[in-house]
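Asker: Pasting a structure below so you can have a look.
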Amino acid sequence: MRCAKGLLNGPCGGTRKGGKCEIDPEKDCAWVLIYRRLEKQGRLNLMRKYYEPKNYRAVKRPGKVQAMQA
-5 MRCAKGLLNG PCGGTRKGGK CEIDPEKDCA WVLIYRRLEK QGRLNLMRKY
45 YEPKNYRAVK RPGKVQAMQA
């Protein structure tokens, strides 16, 4: 996924002027790029598909590391 925020259903509300990313103004917003490409291809209807938000609680996290005593 190219979106710095991991968004699956379109751009955040902070897209900068010129279609730049809110997080990194040096990068183009991934969703602006997707929109422009689909528009050129005549496939904007694909942006209507909704994806469920990611459930980050289901992601396994590393356990605590126990320090070994010498």
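Our numbering numbers the first residue of the sequence shown as -5 and each following residue consecutively.
Using N, Cα and C, we set each Cβ at its ideal position, and we do this for glycine too.
Small disclaimer: the values here were computed from a predicted structure and weren't measured.
What does a CB cutoff of less than 7 Å around leucine 32 pick up in its chain, not counting 5 residues either side in sequence?
Answerer: Leu38, Leu40, Met41, listed in sequence order.
Asker: Please determine, among Cys15, Gly7, Lys11, the residue with the shortest C-alpha to C-alpha distance to alanine -2.
Answerer: Of Cys15, Gly7, Lys11, the residue nearest in Cα terms is Cys15.
Asker: At the level of alpha carbons, what is the spacing between alanine 61 and tyrosine 50?
Answerer: Approximately 28 Å between the Cα atoms of the pair.
Asker: In angstroms with no decimal places, state the Cα-to-Cα distance between valine 26 and valine 53.
Answerer: About 28 Å.
Asker: Locate the alpha helix (DSSP H) running through isoleucine 28, then write down its first and last residues.
Answerer: Taken as a continuous stretch (DSSP letters only), the alpha helix (DSSP H) holding isoleucine 28 covers 24 to 35.
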